[in-house]
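Residue numbers (our numbering), protein chains in the order written: chain A, 644 to 753; chain B, 644 to 753. We put the beta carbon where it would ideally sit given N, CA and C, even for glycine.
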DNA sequence: CTCATTAGTAAGTCGTGACTTACGGTAAGT
DNA sequence: ACTTACCGTAAGTCACGACTTACTAATGAG
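And the structure:
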């Protein structure tokens, strides 16, 4: 089943600051692993491991070109996260409305 | 400065699975700490600590009622995350377009 | 056919943070 | 005033994961 753009994995992946940095750099420009590592305070293998996590989370796609692997963001993973956020945002608004009504009922029973 | 609805903190906060569970329960219904803990596989102090992180991330608001503290989601924190995602999503699309053009130029120089 | 460049993997270290139990503090009920 | 219920904080433990330094593999150039 590998990855199905599950928001769960995406949020866990972006929980790490280094992965967020990689994510932001890729949003500005698709890049190879070494290129990313040169602009970050971690080693190249570390970047490689982070990219694997991001890929499994459905946030990143890779395409090999020669001996290099160009990584770019996967809009589908981002869209899945946004849908998840929107759903809970809407649910929270509804739930708070019900909650407020209940409170009002308790304080003004009639 | 406390919290300013920074997406950075919000993503880090939702990176933890227990905090995501709390977040989802609060989206369905504002709840007190003990009520949340009763439905989760962790102790009440653990829930308390998670709620503090969520609050500092701008994702949650609390209102004291008697000896209890009712927690509910803060739409502003969610909106900040969504804006961040949308910005990077748009940037990624533009960057990929430029990237594709560059690739085409390199393969068909004229 | 080397040699150089790029990148993923293995193995091991180490700090962080997610948990626990114990405690103190506040509000409501009797 | 005493008890009960609810909650945050302190302190300490422990596992996980984010790093590192090897090593191996694959592609391109000379």
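May I have the straight-line CA-CA distance separating residue i from residue j, to the nearest angstrom?
| i | j | result |
| --- | --- | --- |
| residue 703 of chain B | residue 726 of chain B | 18 angstroms |
| residue 654 of chain B | residue 688 of chain A | 24 angstroms |
| residue 707 of chain A | residue 672 of chain A | 16 angstroms |
| residue 737 of chain A | residue 668 of chain A | 36 angstroms |
| residue 749 of chain B | residue 711 of chain A | Because residue 749 of chain B sits at a pLDDT of 48, beneath the cut-off of 50, its placement in the model cannot be relied upon, and the point is left open. |
| residue 656 of chain A | residue 730 of chain B | 18 angstroms |
| residue 728 of chain B | residue 728 of chain A | 10 angstroms |
Of the choices the options, whose alpha-carbon is the least far from that of residue i?
| i | options | result |
| --- | --- | --- |
| residue 680 of chain A | A:664, A:671 and A:670 | A:664 |
| residue 693 of chain B | B:738, B:652 and B:737 | B:652 |
| residue 677 of chain B | B:696, B:667, B:698 and B:714 | B:714 |
| residue 618 of chain A | A:666, A:668, A:675 and A:657 | This structure cannot settle anything about residue 618 of chain A, because the visible part of chain A is limited to 644 through 753. |
| residue 735 of chain B | A:657, A:695 and A:670 | A:670 |
| residue 696 of chain B | B:729, B:728, B:666 and B:733 | B:666 |
Within a Cβ cutoff of 6 angstroms, which residues of the same chain sit near residue i, ignoring the five residues on either side of it in sequence?
| i | result |
| --- | --- |
| residue 659 of chain A | none |
| residue 752 of chain B | Since pLDDT at residue 752 of chain B reaches only 41, below the 50 mark, its modelled position is unreliable, and no value is offered. |
If I measure Cβ to Cβ from residue i and keep anything under 7 angstroms in the same chain, skipping five residues before and after, which residues do I get?
| i | result |
| --- | --- |
| residue 698 of chain A | 705 |
| residue 685 of chain A | 661 |
| residue 691 of chain A | 676 |
| residue 733 of chain B | none |
Please list, in chain order, all residues of the same chain as residue i whose beta carbon is under 8 angstroms from its beta carbon, the five residues on each side excluded.
| i | result |
| --- | --- |
| residue 796 of chain A | Here chain A covers residues 644 to 753 and nothing more, so residue 796 of chain A does not appear. |
Inset, instruction - Give the residues from the region 651-675 of chain A that approach chain B closer than 9 angstroms (Cβ to any Cβ), ordered along the chain. - result: Of all residues in the region 651-675 of chain A, only 651, 654, 655, 656, 657, 658, 659, 660, 663, 666, 667, 669, 670, 671, 672 and 673 place a beta-carbon less than 9 angstroms from a beta-carbon of chain B.
Inset, instruction - Could you list the residues in the region 713-729 of chain A with a C-beta less than 9 angstroms from some C-beta on chain B, going in chain order? - result: Listed by position, the residues of the region 713-729 of chain A near chain B (Cβ gap below 9 angstroms) are 713, 715, 716, 717, 718, 721, 722, 724, 725, 728 and 729.
Inset, instruction - Evaluate the contact criterion for the region 711-725 of chain B versus the region 712-719 of chain A: three or more CB pairs, one atom per stretch, below 8 angstroms. - result: Verdict: no, contact absent.
Legend entry - Contact set between the region 699-714 of chain A and chain B, restricted to residues whose Cβ is under 7 angstroms from the partner: Per Cβ criterion, the list is empty.
Legend entry - chain A contacts made by the region 679-697 of chain B, where a contact means CB separation under 8 angstroms: For the region 679-697 of chain B, which is checked against every Cβ of chain A, not one residue is closer than 8 angstroms.
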